[in-house]
Structures are given as structure tokens and as C-alpha cells.
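Below is one structure, written out as C-alpha cells, with a few remarks after it.
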């Protein structure tokens, strides 16, 4: 495409009109600190704690044999005190960080196509005949998306995996309601110290809840997982609910017809700007 044919859009209006898709796609909107009730109680004794660590080690080995790619149908519900949005379509995830979302109208025609590798992204809006692409970090700064979400592990969030090394565990405690066991792990990502609390049910081998806190103990988000099914020999949650977000935001994700997909080349996640579409390039 010749430079003269490329039309750059500098208005922030489009960014804000596309924000709902991006928030839902990343499970995500602005997150704030919270003061929620602590759901865990006393630590387990040494013998019980050791059995939980052994469970984690076996679960990590099992996760390594899970399909690298899954796809299926997805419905997203996003609401807060300002807005409410619902959308449905198709998703695809490829380990370690590639994800695609195609939102369709009631007739099955794609209206929004979004791909990302957690560093860069591409978005095609067929309704507005627009193509935008560039740095996910820059997009987050321009649209008030917390960096916690941009740097989080999307694979873990959507697939309900644990990915905790025993050496990172700082506490293993009982659940107040006896639903399972809480594992607390510390991590550092690009200079940010986080605590992740995981409520697991060892008998079923599934994750029930994931709470993420900053180094001050302020809650950043909570993910709740339900309706686990077997996909490619591994467990996959079909229902994910995200709460404790700023502006009383709640996000509900419902998956269906999820299958282990064939390995897809990373370059197949690259989108090409359609002819005669307006373009927005973000450095």
C-alpha cells in the first residue's frame, strides 16, 4: 500500500468505542484495590502441606502434556455502573501467549477480529472499516487499562491452569467455607511484586478461585471457575467470572464446544489490513 493511500486516524473516539471489546477480550477493565473479606483461615500442618505440594508437582507435569492450542465458541458479558455489553463469537488460544477473538453478528458475519501476543495487537472493525495495530502497552496507556492486566498470564486466566512452582509458595491454608485449600505464591513480573492466592480442590484436581493482590495486599482481581470439562485429556473451565474490579465491573465468560486444535503457525495470527480500510498505527 502506498503511503498516500494510508489514512491515519488520530481521534481518540475510535479508541474509546473499541475499548469494550478489548476489556472483554483480556477479561478485563480497570482494576482497583479492594478490602474484601479474607476467605482463608489457619495454615495446614506440615504433612497436609506436603501433600498439597505433591499435588502441584503432579499437576504441573500433567499440564505439560495438555494441548498447546484450543478453540471454540465464546460469549462475553461486560457490565459496570456506566455500561453493559454482550458479545459472542469464536476464540482460539495458542501457547504460550497467542490469542484470537472473532466477534460475529446474529447472522454469523464477523464484525470485530482481534489478535494479540500480549505485546502487540491487531484489530479489524468491519462495521467501521477500520484497522488498528501496534503496541499493547501503548494502547493500555491511552485507554486507562491497568498494566496488571496487560502483563498477566492470559493462558492461566482463561484455561484455569495453576503454573506455580513449589519454591514460590509462601503459605498453604484452609478455606473458611471448607471448599478446598488456599495456596499463596509470590512472583515478580518486570519489577512488579504480586501475590496470587489459588483455591484448589485436590480431590477433583481443579482450580476454583484465583485472587491477585499487589505487594501491599490490595486486591486487584478475582477469577472464579466453574463447569469444568475435559478437553484433549485436560480439564478446562467453561464458565469464568471476574469480579473485584473498578467501577463495580463484572465480566462473565461462557465457553462452549471447546476442542483441542491442531498446531497453528504463529504467523497465521497476523492480520492484514483490508483494502480501503482506514488505518491506525500505534508505536
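Numbering (the numbering used here), first residue to last: 35 to 317. Don't be surprised by glycine CBs; every beta carbon is placed ideally from N, CA and C. These numbers were taken from a predicted model, which means no experiment stands behind them.
{"Item": "Entirely enclosed beta strand (DSSP E) segments - the segment 124-172, minimum 3 residues", "Value": "132-138, 144-150, 154-159, 164-169"}
{"Item": "Simplified DSSP state of residue 192, which is helix, strand or coil", "Value": "helix"}
{"Item": "Sub-8 Å separation of residue 317 and residue 168 beta-carbons", "Value": "yes"}
{"Item": "Cα-Cα separation between residue 233 and residue 198, rounded to whole angstroms", "Value": "12 Å"}
{"Item": "Bridge-paired residues (DSSP) for residue 259", "Value": "274"}
{"Item": "Residue 92, buried or exposed, once every other Cβ within 10 Å from all chains shown has been counted against 16", "Value": "exposed"}
{"Item": "Status (buried if at least 16 other CB within 10 Å, exposed otherwise) for residue 189", "Value": "buried"}
{"Item": "For residue 264, the residue or residues it bridges with in DSSP", "Value": "269"}
{"Item": "Helix, strand or coil at residue 77 according to DSSP, with G and I counted as helix", "Value": "strand"}
{"Item": "Where the beta strand (DSSP E) containing residue 290 begins and where it ends", "Value": "284-294"}
{"Item": "Straight-line gap, residue 265 to residue 156 (C-alpha atoms, nearest Å)", "Value": "28 Å"}
{"Item": "Same chain, Cβ closer than 6 Å to residue 87, neighbours up to 5 away in sequence not counted", "Value": "200"}
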